[in-house]
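**Q**
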Amino acid sequence: MTQSSNRIFDELARLATDAAGAAQGVRREVETVVRSQFERLIKDMDVATREEVEVLRELVLATRAENERLEARLKALEEKLGSSSPAT
437 MTQSSNRIFD ELARLATDAA GAAQGVRREV ETVVRSQFER LIKDMDVATR
487 EEVEVLRELV LATRAENERL EARLKALEEK LGSSSPAT
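Note that the working numbering has the sequence shown beginning at 437, numbered continuously upward.
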């Protein structure tokens with residue numbers, strides 16, 4: 437009887453191990469399908485990539501710096517023109 441009990445437990449353990457392996461396989465397959473669906477959806481939405489966003493960010497920062505430089509130059513020119521008013 438002890439040997440038949442061990443055999444039943446061995447079979448149950450093997451069945452549980454097989455079920456766990458099958459569940460992991462199904463999980464991986466579902467993850468793959470979901471990932472591919474999300475990638476297709478994002479591609480169809482024409483969403484900007486990380487690289488494109490970084491390029492735009494750098495352009496914005498460079499433009500902002502240029503604007504600040506030009507603003508300071510304009511202010512200096514306005515002060516120069518304002519202080520040297522023509523004599524009448």
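Think of the CB as a built atom: it goes at the ideal place given N, C-alpha and C, for glycine as much as any other residue.
The model shown is predicted, which means the values in this text are computed figures rather than measured ones.
Quick one: residues in its chain with C-beta nearer than 7 Å to the C-beta of Asp480, no 5 flanking neighbours on either side, listed in chain order?
**A** Taken in chain order, the list of residues that qualify is empty.
**Q** Rounded to a whole number of angstroms, what is the C-alpha to C-alpha distance between Asp454 and Asn442?
**A** Looking at the two C-alpha atoms, the distance is approximately 18 Å.
**Q** Nearest-angstrom Cα distance between Ala459 and Glu447?
**A** Approximately 18 Å between the Cα atoms of the pair.
**Q** How far does the alpha helix (DSSP H) with Thr499 in it extend, from its first residue to its last?
**A** Taken as a continuous stretch (DSSP letters only), the alpha helix (DSSP H) holding Thr499 covers 486-519.
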